[in-house]
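Presented below is the structure to which this report refers.
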Amino acid sequence: MSTKTSKVAIFSLMLCFFAMGFVDLVGIASNYVKEDLQLSDSVANIFPSLVFFWFLIFSVPTGVLMNKIGRKKTVLLSLVVTILSLLLPIFGENFEIMLLSFSFLGIGNALMQTSLNPLVTSVMGGGNLASTLTFGQFVKAIASFLAPYFAMWGAVAAIPSFGLNWRVLFAIYFIVGLLATLLLFVTPIHEEKAQEMTDGIGKQFANSFALLGKPIVLISFLGIMCHVGIDVGTNTTAPKLLMERLGMSLNDAAFATSLYFIFRTIGCLTGSFFLRVLKTRTFFIISVVCMALSMAGMFVGESKLVLYAAIALVGYGNSNVFSMCFANALESVPEKQNEVSGLMIMGLFGGTIFPLAMGYASDAMGQLGAVLVMSVGVCYLLFCISKIKN
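Its first residue numbered 1196, the sequence shown is counted upward by one per residue in my numbering.
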């Protein structure tokens, strides 16, 4: 691959990482849907839960699909499903349309999360691979923290948002997603010939789930479930917490979601450095302590300063938990890395369980109930400290 072609391919893949970040719009979007349709917390939290439910269903089959049709075609399929999810809300906002939209968003992201990183390995090699993947996560985070700003702009600017109000967010990301799809389609990427599918989906599932019998794999899997649950939970709950404690409007409180993703982005960038100079367990302790302090701040905070500090702390602390748990599992079973990878991606299903529990808890106790549910996840990560390899 020529240098020019390689640069185009890298740019195309980075645009795909940006599209991968579209999934994080679910937090702020579910808050606006809740307000527009007058839903309870437990009903509104069905939307983020539905998005991450599909990781349970599609993670392992996507690996099988990649063997059949190749990595690039699988990523293209994920992009097509994603732009379809973004197109639907442009035409309406009833409950059924939003359910369908968030379902397609989850399916598309499950396909993309499983197939995009392997596709990067077809373009990059050697020592550049890790830095490229890290930069991809940085690009993904940009899409995450821009989403609330686009929604806020649409909500307060009726004329430039073309009557879509906050849903202009979907229109903007639809255009970007369409560009990402077209650019990847025309970009030549050499990859190894797709393998013939020899094992059925049932056997693939069986091989993956059998690994849960290994304690380190199970602990890491549950750690990723907690990480994603806290991630989606904060994304959804932070604005509600500011509205409840400080009496903010939704448009003003939406900044909390961006603040979370800003500090997650900072965490991703600095984490790649700290993980080179510190022991993994040491940095894991620092990360989880930040999250524990955050939960304490959300419990007792009654001022903007304390609540913003708590949101920033959980953003920074939670930014590298996935990579540390993922690496811990891979290193524990080096001969089964493909199966372990599929299983760890399936752990993103935690983004379904936590918001559902948080919705019922907040209906019963206010947002304090949602913080309690997230705190259970943080307590589990504190338990994981002794299980993380140095």
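Think of the CB as a built atom: it goes at the ideal place given N, C-alpha and C, for glycine as much as any other residue.
Determine whether the beta carbon atoms of residue i and residue j lie at a separation below 9 Å.
i	j	result
residue 1542	residue 1423	yes
residue 1436	residue 1493	yes
residue 1525	residue 1536	yes
residue 1347	residue 1433	no
residue 1281	residue 1366	yes
residue 1368	residue 1336	no
residue 1455	residue 1491	no
residue 1215	residue 1304	yes
residue 1415	residue 1523	yes
residue 1232	residue 1290	yes
residue 1465	residue 1225	no
residue 1520	residue 1418	yes
residue 1639	residue 1404	In the structure as shown, the chain begins at 1196 and stops at 1585. Residue 1639 is therefore absent and cannot be evaluated.
residue 1589	residue 1273	Outside the shown range of the chain (1196 to 1585) lies residue 1589, about which nothing can therefore be said.
residue 1314	residue 1269	yes
residue 1550	residue 1244	yes
residue 1257	residue 1306	yes
residue 1425	residue 1564	no
residue 1554	residue 1439	no
To the nearest angstrom, report how far apart residue i and residue j are at their CA atoms.
i	j	result
residue 1332	residue 1548	24 Å
residue 1512	residue 1460	11 Å
residue 1316	residue 1359	39 Å
residue 1344	residue 1385	37 Å
residue 1373	residue 1582	43 Å
residue 1248	residue 1241	10 Å
residue 1361	residue 1546	23 Å
residue 1458	residue 1255	31 Å
residue 1498	residue 1451	13 Å
residue 1341	residue 1364	9 Å
residue 1392	residue 1259	The predicted position of residue 1392 is uncertain, since its pLDDT is 49 and thus under 50; a value taken from the coordinates is nonetheless stated next. Roughly 7 Å between the two C-alpha positions.
residue 1518	residue 1236	31 Å
residue 1443	residue 1462	27 Å
residue 1205	residue 1318	7 Å
residue 1230	residue 1300	21 Å
residue 1481	residue 1292	42 Å
residue 1222	residue 1429	8 Å
residue 1278	residue 1271	11 Å
residue 1218	residue 1246	8 Å
residue 1370	residue 1477	42 Å
residue 1584	residue 1472	15 Å
residue 1556	residue 1265	43 Å
residue 1488	residue 1475	20 Å
residue 1485	residue 1445	26 Å
residue 1410	residue 1534	15 Å
residue 1330	residue 1516	17 Å
residue 1239	residue 1383	42 Å
residue 1502	residue 1569	15 Å
residue 1288	residue 1275	21 Å
Quick check on DSSP: helix, strand or coil for residue i?
i	result
residue 1386	coil
residue 1336	helix
residue 1528	coil
residue 1562	helix
residue 1265	coil
residue 1322	The pLDDT assigned to residue 1322 is 49, lower than 50, so where the model puts this residue is not dependable, and the model offers no usable value.
residue 1176	A question about residue 1176 goes unanswered here, because the residues of the chain that appear run from 1196 up to 1585.
residue 1513	coil
residue 1359	coil
residue 1233	coil
residue 1542	helix
residue 1207	helix
residue 1289	coil
residue 1584	coil
residue 1536	helix
residue 1467	helix
residue 1498	coil
residue 1444	coil
residue 1392	Here residue 1392 scores only 49 on pLDDT, less than 50, and its place in the model is too uncertain to base an answer on.
residue 1573	helix
Please report the residue range of the alpha helix (DSSP H) in which residue i lies.
i	result
residue 1486	1475-1495
residue 1236	1236-1239
residue 1406	Looking at the DSSP string, residue 1406 is not in any alpha helix (DSSP H), and its letter there is neither H nor E.
residue 1438	1410-1441
Say whether chain D places a C-beta atom closer than 9 Å to the C-beta of residue i.
i	result
residue 1470	Given the protein chain composition of this structure (a single chain), no chain D is represented.
Going by the C-beta, is residue i closer than 8 Å to any heavy atom of the ligand FAD?
i	result
residue 1577	The model on display carries no ligand, and the ligand FAD is accordingly not part of it.
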